[in-house]
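Just so we're aligned: 496 in full-length UniProt numbering is position 496 of the sequence shown, and the numbers increase by one with no gaps anywhere.
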Amino acid sequence: MISSAVFRSAVAVVPFVPTTTTTTTTTRVSASTKRKPAKPNSAKFSSIRLGFPATLKAVSHCQSSTSLDAIDEDEKTRVRVRVLDSSLRVLEWDKVCDAVSSFAGTSLGREASKQQLRSLNQTYEESLKLLSETNAAVEIHKYNNAILDFTGIDTLLVRSAIDNARRASTVDGQEAMAVAALLQFSEALQINIRAAIKENADLHKRFMPLAEMMVFDVTVYLYSPISLHLQILDCFTSKSLVRSILQVINEDGSIKDSASPRLKQARWRVMNLESKIVQLSDSEPCTSSAASSALIDESMSKFFLQLSQLMNAIIANENNGTTSLEASNINGRWCVKSGIGPMTNFNGLLLSSGSGTGNIIEPVSAVPLNNELLEAKSSVADAEVEVLSEITEKMKMDVDGIENLLRSVIELDVVSARASYGLTLGGTCPDLLLVDDENAPLSPQSIPPKDNSLKLPYSSIRQWKLWLPKAHHPLLLQQHRHNLQEARKDFADATADFRRRKMYQENISQREITQNIQMLREKVTQLEKAHPVPVDILIEKKTRVLLITGPNTGGKTICLKAVGLAAIMAKAGLYVLCSEPARMPWFDSVFADIGDDQSLFQSLSTFTGHLRQISDIQANSTSQSLVLLDEIGAGTNPLEGAALGMSILEAFANAGALLTIATTHHGELKTLKYSNEGFENACMEFDEINLKPTYKILWGIPGRSNAVNIAERLGLPRVILDDARTLYGAASAEIDEVISELEKFKQDVEERVHEAQHFLMLSKDLHEKLLHVQRKLNGHVSDLRYKKMQQISEFASKARSSLHRKLQQQRASARQTFQPAGPETSVPQPPLSSEQSTAASNLLTVETKSTTIEAVKQASPGAENKSRVPIVGDVVQVSSLGTKGTVVKVEPSKGEIVVQAGRLKLKLKFSDIKI
């Protein structure tokens with residue numbers, strides 16, 4: 001491998017003579033363009049004849065379209081449409097559209113879904129609106145999947161009913177029932193939405209994006225978008241119209257007998273006519289007539305009798321054993337059908353005749369009776385038309401509301417299909433970013449992944465242009481899910497069939513069936529393990545060109561298509577199939593050159609076909625486009641192809657699309673990263689031990705093609721492989737060895753970084769847990785302290801209450817003990833003994849202390865108490881007792897004094913006395 005500067009010098013000295021083969025293209029070339037040998041530092045190739053710029057590196061985007069200057073605007077538009085259609089074709093976008101539309105519940109909804117997905121002309125604001133609608137539908141599906149169930153609505157019949165009502169034509173019964181089903185769905189939708197919002201008010205905000213939607217006009221086959229403000233809770237409903245339809249129409253669309261008296265009578269007449277004609281033609285006239293007299297009126301009995309007698313008589317007279325005759329109803333008229341044989345002799349009208357089929361003859365005498373039967377049927381038809389006309393007149397009054405409701409339901413079906421697709425395949429709503437210029441901010445400086453197993457290719461302080469972790473190719477994922485479902489179904493069916501046959505004791509080979517079931521079980525297990533490998537597509541903001549290298553069958557093209565489809569899906573309002581979070585810029589267009597574009601009709605080889613496509617892409621891409629180039633520079637001389645590929649990529653990097661992703665096997669292109677900061681390398685990982693690709697991307701390093709190793713895995717002879725390695729050369733082997741060592745070093749660094757991130761995450765989690773425990777402990781201590789204070793307060797309150805009661809009791813007892821005797825009852829009281837005096841003193845002390853506790857809360861210290869501390873010998877006033885005493889002891893540190901009041905010693909607070 002050599003550097004880009006050295007490679008340019010090497011290319012400059014290689015003479016190049018363009019091929020003389022002419023090509024048929026739609027691109028014009030200036031007449032002054034002449035064949036010249038390549039000059040130093042130039043890259044002029046045969047692509048000049050295809051309109052590709054001669055020196056791409058110094059050519060701006062506007063200069064790259066000089067080959068189209070002479071073409072009018074219509075031609076430019078045609079070329080742009082062609083290159084976009086070609087890009088969508090190689091990306092297989094139509095298959096994605098079909099997959100999404102299959103989730104729609106109505107026929108017009110499926111058509112509208114395809115049209116909306118294929119239009120791809122949305123602005124950035126419209127793409128955001130489509131995604132918000134999809135999010136709202138996802139929320140509704142998560143709440144109740146049955147709310148947006150459109151399977152019972154026949155939109156084609158409703159469309160036909162609306163057209164008939166506008167043209168003053170009569171709707172039929174099936175159309176009327178389709179309209180009734182639509183109106184019933186609208187009413188049920190409103191009820192369910194209101195119930196959901198009533199249950200959870202937050203759902204109102206989640207459902208609101210469906211309040212205003214862009215609806216495709218079904219009157220012009222759903223092609224033209226119109227502006228319609230849809231209020232789900234105000235959708236058109238008409239209970240009276242639904243009631244009118246259900247009263248006269250059955251579920252299958254037939255008109256009820258009770259729809260009108262006239263219809264009931266006419267149908268009763270026809271029914272009896274037909275049934276009795278058949279019955280009487282096979283029995284005796286008198287018996288049938290007698291049996292029918294109790295069921296029908298006399299006039300109808302006469303009709304049955306006449307027609308039955310007539311048919312029986314004709315058949316009896318003509319039945320000579322050589323011809324079989326039978327009565328048949330042909331187009332509503334009763335006739336005689338004869339088998340193969342000679343013609344009959346009775347007079348009649350020959351309705352049909354053919355060899356091998358017999359003859360159908362209407363007897364002349366049966367014509368009046370058949371006319372009467374047809375007249376009865378005509379009366380039934382007239383009565384049915386009368387009933388349907390009344391329904392049509394009622395529909396005319398509400399036809400505008402019904403049509404708007406149909407549009408709304410179709411658009412709801414389209415949105416519901418997008419939501420169901422995303423939910424079924426496990427998609428993620430992408431965060432779309434609009435980039436007006438390359439210096440605009442794309443995303444926050446770091447996007448913390450939810451999955452700790454994600455290996456970041458760059459430092460987390462960098463900004464990202466595109467972030468799609470664990471991205472899937474939608475078609476691969478869809479195919480795998482389909483295969484897995486089919487395998488599980490086959491296994492379940494085989495198991496059920498085996499049990500059924502065993503239950504009914506059928507003759508079976510149990511060993512053979514068991515082996516078959518075991519094989520099906522192993523197939524299911526293999527498919528469950530062989531899940532498509534996701535890739536982490538994480539592109540830094542400064543990157544303009546991503547170059548992916550690696551082995552064949554390694555997944556390079558799948559990565560290209562996955563990115564392209566993800567960009568289109570996000571623009572069309574679809575979920576992207578990757579893990580959260582998904583962030584990507586909004587692309588106005590996606591251009592792709594993938595696969596073999598040769599055309600025998602246009603005399604284009606593979607190489608020239610690719611060059612024409614790349615030239616058109618260069619001319620039509622903008623600063624907001626995504627360009628995908630597969631195997632750039634392939635299909636021609638490797639040296640020239642590498643030089644051309646280098647110039648093309650540099651042109652896109654300097655003045656081209658917002659992002660270009662290319663794959664290649666040219667080793668020279670891998671050096672562009674080291675000369676242009678807009679380039680970035682990535683490679684598909686290859687398992688050197690098992691000699692097979694892992695389908696994972698390694699970022700920041702170029703890859704190797706591993707062609708010889710792949711050939712070894714495929715079983716190529718050892719001699720050929722050894723010769724190939726020898727011819728490959730020692731220098732190339734050394735370069736591959738360096739790349740291999742670099743890949744291993746890169747993997748080792750990523751594993752170390754991943755491990756460090758893992759431990760950092762654990763440390764953060766541990767820190768959060770410690771903080772949580774600390775906060776919880778602090779709260780627990782506070783709660784415990786508060787509870788203790790409450791317990792102490794309650795205990796003190798109970799103690800005060802108990803002391804207060806005892807004090808009251810002792811006071812009452814003291815009053816009775818020391819109460820003086822009255823004049824009439826002056827009984828001398830004996831003096832107190834010493835023990836009694838002591839008890840009384842203690843009692844008063846307790847009483848005084850109790851009273852003091854209550855007095856502390858009520859009494860406020862006076863000015864004197866604050867100005868002077870009492871001393872021993874002072875006479876003080878005890879506030880609680882209302883008596884005076886002498887201070888005998890003072891304890892200033894405690895704020896207490898001892899007062900002698902008579903024979904009592906009281907220990908009081910300073911606040912309990914007055915000096």
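Here a beta-carbon is modelled for each residue, glycine too, at the ideal position from N, C-alpha and C.
Cβ-Cβ distance between residue i and residue j below 7 Å
i: Lys-561; j: Thr-663; result: no
i: Ile-548; j: Ala-682; result: yes
i: Lys-470; j: Ser-621; result: no
i: Leu-254; j: Gly-152; result: In the sequence as presented, Leu is not what sits at residue 254; that position holds Ser. Cβ atoms of Ser-254 and Gly-152: not closer than 7 Å.
i: Val-380; j: Ala-496; result: no
i: Ile-391; j: Leu-466; result: no
i: Ala-178; j: Leu-157; result: yes
i: Arg-262; j: Ala-383; result: yes
i: Lys-670; j: Pro-702; result: yes
i: Glu-362; j: Cys-335; result: yes
i: Leu-520; j: Ala-492; result: no
i: Ser-101; j: Lys-114; result: yes
i: Asp-616; j: Val-79; result: yes
i: Glu-712; j: Leu-698; result: no
i: Gly-645; j: Ile-661; result: no
Opposing strand residues paired with residue i [DSSP bridges]
i: Pro-693; result: Phe-686
i: Arg-333; result: Ile-330
i: Val-535; result: Ala-471
i: Arg-811; result: The partner list for Arg-811 (beta bridge, DSSP) is empty, contrary to what the question assumes.
i: Leu-585; result: Per the sequence shown, residue 585 should be read as Pro rather than Leu. DSSP, once it has assigned bridges, lists Leu-433 as partnering Pro-585.
i: Val-590; result: Leu-626
i: Gly-885; result: Val-876
i: Glu-680; result: Leu-546
Spatial neighbours of residue i in its chain, beta-carbon cut-off 6 Å, leaving aside the 5 residues before and after
i: Ala-901; result: Thr-883, Gly-885
i: Arg-544; result: Ala-653, Gly-678
i: Leu-130; result: Gly-573
i: residue 918; result: Residue 918 lies beyond the residue range present for the chain, which begins at 1 and ends at 915; the question has no answer from this structure.
Distance between residue j and residue i (C-alpha atoms, nearest Å)
i: Gln-184; j: Ser-238; result: 9 Å
i: His-204; j: His-141; result: 14 Å
i: Asn-676; j: Gln-463; result: 18 Å
i: Ile-648; j: Lys-541; result: 21 Å
i: His-480; j: Pro-474; result: 10 Å
i: Glu-528; j: Ser-623; result: 42 Å
i: Gly-554; j: Thr-134; result: 34 Å
i: Leu-434; j: Val-248; result: 56 Å
i: Gln-757; j: Ala-651; result: 38 Å
i: Glu-751; j: Gly-656; result: 36 Å
i: Glu-685; j: Gly-635; result: 25 Å
i: Asp-163; j: Lys-696; result: 56 Å
i: Lys-889; j: Leu-904; result: 14 Å
i: Glu-794; j: Val-872; result: 37 Å
i: Pro-534; j: Asn-250; result: 53 Å
i: Val-96; j: Leu-770; result: 49 Å
i: Thr-155; j: Met-395; result: 16 Å
i: Asp-111; j: Val-576; result: Note that residue 111 is Glu in the sequence shown here, rather than Asp. When rounded, the distance between both Cα atoms is 22 Å.
i: Asp-252; j: Ala-181; result: 12 Å
i: Ser-782; j: His-772; result: 15 Å
i: Ala-294; j: Val-364; result: The predicted model places Ala-294 with a pLDDT of 34, which falls under 50 and marks its position as unreliable; any figure quoted below should be read in that light. Cα to Cα, Ala-294 sits roughly 30 Å from Val-364.
Nonlocal neighbours in the same chain, by C-beta distance under 7 Å from residue i, ignoring five residues either side
i: Glu-187; result: Thr-237
i: residue 919; result: This structure leaves residue 919 out entirely; the chain is present only between 1 and 915.
i: Lys-907; result: Glu-896, Val-898
Contacts around residue i, its chain only, beta-carbon distance under 8 Å, and the 5 residues preceding and following it disregarded
i: Val-385; result: Thr-170
i: Leu-128; result: Leu-432
i: Asn-516; result: Ala-494
Inset, instruction - Answer yes if the segment 429-436 comes into contact with the segment 392-405, meaning at least three C-beta pairs across the two stretches below 8 Å, and no otherwise. - result: no
Legend entry - Cβ contact check for the segment 479-487 and the segment 509-527: 3 or more pairs under 8 Å: yes
Inset, instruction - Tell me, please, whether the segment 115-123 touches the segment 565-577 by the rule of three or more beta-carbon pairs shorter than 8 Å. - result: yes
Inset, instruction - Please confirm if the segment 99-115 is in contact with the segment 416-427, defined as three or more CB-CB distances below 8 Å between the two stretches. - result: yes
Inset, instruction - Check whether the segment 582-597 touches the segment 71-88, counting contact only when three or more Cβ pairs, one atom from each stretch, lie closer than 8 Å. - result: yes
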